[in-house]
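Heads up: the protein sequence lines correspond to chains Z and D, in order.
The letter at position 30 of the first sequence is residue 30 when you use the numbering used here, and the numbering goes up by one with no holes.
Take any residue in the second sequence, note its place counting from 1, add 1000, and you have its number in the numbering used here.
There are 2 protein chains.
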Amino acid sequence: MHSQNLINIITDALPGLNKSESKVAQVILSDPDAATRSSIATLAKKAGVSEPSVNRFCKRFNAAGFPDFKLKLAKSLVSGIRFVNRNVDPNDDVDGYTPKIFDSTINNLALVRDKISHSRVNQVVDKLIQAKRIYFFGLGASGSVARDAENKFFRFNLPVSCHDDVLMQRMLASTGTTGDVFFIISHTGRTKEVVEVAEIARANGSAVIGLTAPKSPLADISSVTLDVEVPENTDEYMPMTSRIVHLVILDVLATGVTLRRGPEFLPHLEKIKNSLKPTRYSKDN
Amino acid sequence: MHSQNLINIITDALPGLNKSESKVAQVILSDPDAATRSSIATLAKKAGVSEPSVNRFCKRFNAAGFPDFKLKLAKSLVSGIRFVNRNVDPNDDVDGYTPKIFDSTINNLALVRDKISHSRVNQVVDKLIQAKRIYFFGLGASGSVARDAENKFFRFNLPVSCHDDVLMQRMLASTGTTGDVFFIISHTGRTKEVVEVAEIARANGSAVIGLTAPKSPLADISSVTLDVEVPENTDEYMPMTSRIVHLVILDVLATGVTLRRGPEFLPHLEKIKNSLKPTRYSKDN
DNA sequence: ACAGTTTTTGAAAGATTCCTACAAATAAGG
DNA sequence: CCTTATTTGTAGGAATCTTTCAAAAACTGT
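Shown next, in the form of structure tokens:
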């Protein structure tokens, strides 16, 4: 469904390209937007190769020809990574930083959307459905993600709770047993307290699901990891986007659980929704 | 900066087009994706007009020519049309629902990015900077948004706090004075308790910033409203996206505040970041 | 209704862009 | 060092696009 971003594909293929192909790749990657606007002749000249080389390059990446390639490239650019410096500039005014922050969030979401392992998602949904109890743990910014998850998952009639207190987390982890699921959220996956809690939980036979950075200590110790690789905060001004990616992944998981429950479960969700109606001003006034 | 979707533009212009132009428009709108893949000759034939007519049509919509038009159309399709009918289907499997949920979040973010009033953002940044105290209030899902905001804004050395308890909110609102800012987050803007709290706060001379739906009771009573219009949840399975949009808006506001503080404030942020280092496993092990 | 004017439209030729066949050049293998 | 395979470019042809210009249609006022 979601072909991965063309730019990523080219970047990944870079090492396996031959001389003229990689010249073409360089030119395209250095300014993909310009590439979509130039003719095959211009691009060939810029790369210092012949037109057919550019054409062959395009075909290598499953395009019918150069125009088709440009089309696909243009599409990738829309919600794909904007390579151009879209970092917040200290001199930016509202018109500058507002779209940049939205864009960077959108880009990261698109990245993860194309990279996330669907089989892992499935595995996690399985575990959540079978769980006797689910604990959502997180600290700091991930604490509010955990809280949001609780708010979402309690609707499934599962015994869910959420804790952003290290001591509570430790105690609960140590009393966990087989069938309990500890869903641990951490941006870095390197916070000692959090990793220790995961260790304790696993030692007691509980399952640990890590929503965290790949190859981190937390990822290593989890039963299943949902990898979220969000580019490091190079820019002092850019906010941390991983929280938001985490939230969306939790949305995905919740949807997975709902669908697995089947349509006979919908009335239950409806009931919860309706329970809030009396607290609201009606729409027509 | 962010031009509106080409498809919408064409649809809007439809009534003002002449005979052959509208024929072309019809063909394009009926299957925009096919249009991006066909040549000017094919399209002309399909529409029953001449090639130059198609060309003129393209130029009318600010394209350099037909190829350029196709490019722009293709771009619009990525974040535009996909919107339609990308609802989660009860029979979807992981490969189905995962990208859909990411897409719907991304689309909503893009929508708000293009719609949000920059001058309002500026106003709110002003108020936040001048505030004697800032309270972030929210209930339910908005409660965790408020918590996230607290986590973000306390770094600015401002007296910030966060409350997701109605009684606390009421009491604090009633003791507020001029110079206090109550930042109230609500998806619907119609929860009675929340609106009442806003009323109390305003009655005592405090400023109320509403991050909520436009034209809602909460929006009406706020000093400044940041409108977030996220399409109603028509689909039972689609998760609520407004939380995420709210978070990103708070990121924007935080960035605004940081920039307004100027570069001499960066060391302070750095200090907070570094305070967490000892709690982490280092990256090289 | 009709001549004059403006607008809309398409035929045809011209310009551009793209693709294919083939041969030269380079690299790899024995 | 020769053979074979791969890579690269030249040249010409094919397709696509654009412009010009004149015919057709629509509009205007008389």
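We treat Cβ as the ideally placed atom computed from N, Cα and C, and that holds for glycine.
| How do the segment 1024-1035 of chain D and the segment 242-254 of chain Z stand: do at least 3 beta-carbon pairs fall below 8 Å, yes or no? | no
| said: If contacts are defined as beta-carbon pairs under 8 Å, then Ile1200 (chain D) and Ser1242 (chain D) qualify, I think. What distance do you get, rounded to the angstrom? | reply: Incorrect: roughly 24 Å between the Cβ atoms, too far for contact.
| Between the Cα of Thr105 (chain Z) and the Cα atoms of Z:His118, Z:Asn87, Z:Phe156 and Z:Ile116, which residue gives the shortest distance? | Z:Asn87
| Meets three-Cβ-pair contact criterion under 8 Å: the segment 1178-1198 of chain D and the segment 1218-1228 of chain D | Touching, yes.
| message | Give me the chain Z residues within the contact set of Leu1247 (chain D), using Cβ-Cβ distance strictly less than 8 Å, ordered along the chain. | response | Arg243, Ile244 and Leu247
| query | How far does the beta strand (DSSP E) with Asp1227 (chain D) in it reach, from first residue to last? | reply | Val1224 to Asp1227
| field | Cys1058 (chain D) - partner residues in DSSP beta bridges | value | Answer by DSSP bridge pairing: none, since Cys1058 (chain D) is not bridged.
| said: Counting only Cβ pairs nearer than 8 Å, list the residues of chain D close to Arg118 (chain Z). | reply: Before going further, note that residue 118 (chain Z) is His rather than Arg in the sequence given. Within 8 Å Cβ-Cβ: Val1094, Asp1095 and Thr1098.
| task | Determine contact between the segment 1127-1137 of chain D and the segment 132-151 of chain Z, defined as no fewer than three beta-carbon pairs at a distance below 8 Å. | result | No, the segment 1127-1137 of chain D does not touch the segment 132-151 of chain Z.
| query | Would the beta-carbon of Val245 (chain Z) fall within 9 Å of that of Val228 (chain Z)? | reply | Yes, Cβ-Cβ distance for Val245 (chain Z) and Val228 (chain Z) is below 9 Å.
| said: What residue range does the alpha helix (DSSP H) around Pro200 (chain Z) cover? | reply: According to the sequence shown, residue 200 (chain Z) is Ile rather than Pro. Lys192 to Ala203 is the extent of the alpha helix (DSSP H) around Ile200 (chain Z).
| Taking all protein chains shown into account, do 16 or more other C-beta atoms lie within 10 angstroms of the C-beta of Asp12 (chain Z), making it buried, or fewer, making it exposed? | exposed
| Alpha carbon to alpha carbon, how far is Val54 (chain Z) from Thr36 (chain Z)? | 13 Å
| task | Would you list the one or two residues that DSSP bridges to Gly210 (chain Z)? | result | Within the DSSP secondary-structure output, Gly210 (chain Z) pairs in a beta bridge with Z:Ile184 and Z:Thr225.
| DSSP state of Tyr1281 (chain D), grouped into three classes? | Shown here, Tyr1281 (chain D) sits in coil according to DSSP, grouped into three states, outside any helix or strand.
| Exposure label - Glu1021 (chain D); buried when at least 16 CB within 10 Å | Burial state of Glu1021 (chain D) is buried, judged by a 10 Å Cβ sphere holding 16 or more other Cβ atoms.
| said: Just to make sure I have the definition right: I need the residues of chain Z whose C-beta is within less than 8 Å of the C-beta of Arg1261 (chain D). Which are they? | reply: Within 8 Å Cβ-Cβ: nothing; Arg1261 (chain D) doesn't reach chain Z, min ~11 Å.
| task | Could you tell me how far apart the beta carbons of Gly176 (chain Z) and Phe182 (chain Z) are, in whole angstroms, since I believe they sit closer than 8 Å? | result | 7 Å
| field | Per-residue contacts from Ser144 (chain Z) into chain D (C-beta, under 7 Å) | value | Ser1144, Arg1147, Asp1148 and Asn1151
| request: Could you tell me if Ile272 (chain Z) is buried or exposed, where buried requires 16 or more neighbouring beta carbons within 10 angstroms of its beta carbon? | output: exposed
| message | Tell me which residues share the same chain as Ala1074 (chain D) and place their Cβ nearer than 6 Å to its Cβ, disregarding the 5 neighbours each side in the sequence. | response | Thr1036
| Smallest Cα separation from Val1224 (chain D): which of D:Gly1210, D:Leu1111, D:Pro1231 and D:Pro1214? | D:Gly1210
| Should Leu1065 (chain D) be flagged as near chain Z, meaning a C-beta pair shorter than 9 Å? | First, the residue type needs correcting, since residue 1065 (chain D) is Gly and not Leu in the sequence shown. It does not: the Cβ of Gly1065 (chain D) has no partner Cβ on chain Z nearer than 9 Å.
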